[in-house]
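Here is the structure we will look at, set down as structure tokens.
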Amino acid sequence: MADNEFWYDNFMEILYKKYPKKKELTEALMDLLFMEREAVYRRLRNEVMFTAHEVVKIATAWNVSLDDLITPGREQIPFKLQLWNYLNPSDRELSTMQSVIQGLDAVKVFPDMEYMEICNKLPRMLTSGFPYLSRLYLLKWMYLYVNEEASSYSKIFFHEKVTRLSQDLYKAAKNLPSVNFIFDNMLFYYTVSDVRYFHSIYLITDEEKALIKQNLYDLLDYMSEVASKGCWPETGNKVSVYISHINIDTSYIYYYFSGEVKLCCVQAFGKNEIYTEDSSIAQDFRGWMQSKKRSSIQISEADEKSRIEFFARQRLLVDEL
């Protein structure tokens, strides 16, 4: 009985971490389990236990590891790989994608909320607002990781609901109180090289290359404005942009609020992430990522000369497409 109570207490703690406010948790459980409010209240007051079926349904919908529930406190640090099928997503994948958007909306109320991304490719938070660039990364993902004959750029499209969620992500990101980017200094060179390669093997036409090129110009104009103002022009929320002097091996992300890192991610397989919510590794993760600023230069708000030079160099790269 003691062991049973231990994992169940851990389960309840995970629920409240996802929805710290009891009212929000109650409503989320009512929607998910198709349950009356009083029935949810009885479970949250421990008068009635969640059934095994209900626990599995919650764990599936909210990405809760059943292994973490059964063996909490073990020495191994749990990392989870989130894979997505962007072409034909399941209902579960669409629900998980929606939960990411809802998560961003939920954390925007925390004044100390901080998002940081160190990246060697254009961040999804940005490319989601530029459809031809988004399709370029979809093409690259398919070419490298999908076991099918390579499709041309003209034949691949995100699922309709994924496109809509991508647009929602682009908007939701602007509401985060503080966003930090550290860009690889070769970031646009890598993207331009990808376009050249796919064009050389006839997966991208001249017309499509021109559309991607214009999206790159539009993104550069937008990011130049963001870096100059130090904020998103749509919301005025703070954005800090750094350029790394040292090449970055992959992309890293963390979400920090309420005095601790809540989630950290490492990019894997092009358009997926390996992530953990383990508090000990997450705090170290933030320290490692913050230390990257020592080998980077801030171009947002400060150092106008470096900012102008950086964006001028990127435009020259795009000019060569």
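Quick note on the numbering used here: the sequence shown kicks off at 176 and runs consecutively. Cβ coordinates follow ideal geometry from the N, Cα and C atoms, glycine included. Owing to the predicted nature of the structure, the values given are computational and were not obtained by experimental measurement.
query: So is K192 buried or exposed if we call it buried at 16+ other beta carbons inside 10 Å?; result: exposed
query: Is it buried or exposed, D359, if we count other Cβ atoms within 10 angstroms and call 16 or more buried?; result: buried
query: With burial defined as no fewer than 16 other Cβ atoms inside 10 Å of the residue's Cβ, what is the status of N295: buried or exposed?; result: buried
query: Give the DSSP-derived three-state secondary structure of Q489 in the structure shown.; result: helix
query: Between the Cα of S353 and those of E289, E335 and V441, spot the shortest distance and give me the residue it belongs to.; result: E289
query: Contact between the stretch 385-397 and the stretch 294-308: three or more CB pairs below 8 Å?; result: yes
query: Using alpha carbons as the reference points, say which of I428, A402 and Q489 lies closest to E479.; result: A402
query: Would you mind sorting L491 into buried or exposed? The rule is 16 or more other CB atoms within 10 Å of its CB.; result: exposed
query: Whole alpha helix (DSSP H) runs in the stretch 258-308 with 4 or more residues, listed along the chain?; result: 266-282 and 299-302
query: With a floor of 4 residues, list each alpha helix (DSSP H) that falls wholly inside the stretch 356-438, ordered by position along the chain.; result: 362-375 and 381-404
query: Leaving out the 5 sequence neighbours to the left and right, which residues in its chain are closer than 6 Å to R482 when beta-carbon positions are compared?; result: A402 and I474
query: If we count Cβ pairs, one from each stretch, closer than 8 Å, do we get three or more for the stretch 378-387 versus the stretch 421-432?; result: no
query: Taking E400 as the reference, which of Q389, K388 and K413 has the closest Cα?; result: K413
query: Using the three-state DSSP reduction, which class does V239 fall into: helix, strand or coil?; result: coil
query: Just tell me which of Y417, T451 and G411 has its CA closest to the CA of M361.; result: Y417
query: Leaving aside the five residues before and after E448 along the sequence, list all residues of the same chain whose C-beta is less than 7 Å from its C-beta, in chain order.; result: Q257, C440, V441 and Q442
query: When you compare each of F332, L311, Q389 and V239 to E495 by their alpha carbons, which one comes out closest?; result: Q389
query: Just how far apart, CA to CA, sit T235 and S375?; result: 43 Å
query: Assess, as a yes-or-no matter, whether the stretch 342-350 is touched by the stretch 458-466 under the definition of 3 or more beta carbon pairs within less than 8 Å.; result: no
query: Are the beta-carbon atoms of G405 and S415 separated by less than 8 Å?; result: yes
query: Mind checking whether L311 and I421 have CB atoms under 8 Å apart?; result: no
query: Could you tell me the alpha carbon to alpha carbon distance between D280 and L351, rounded to whole angstroms?; result: 8 Å
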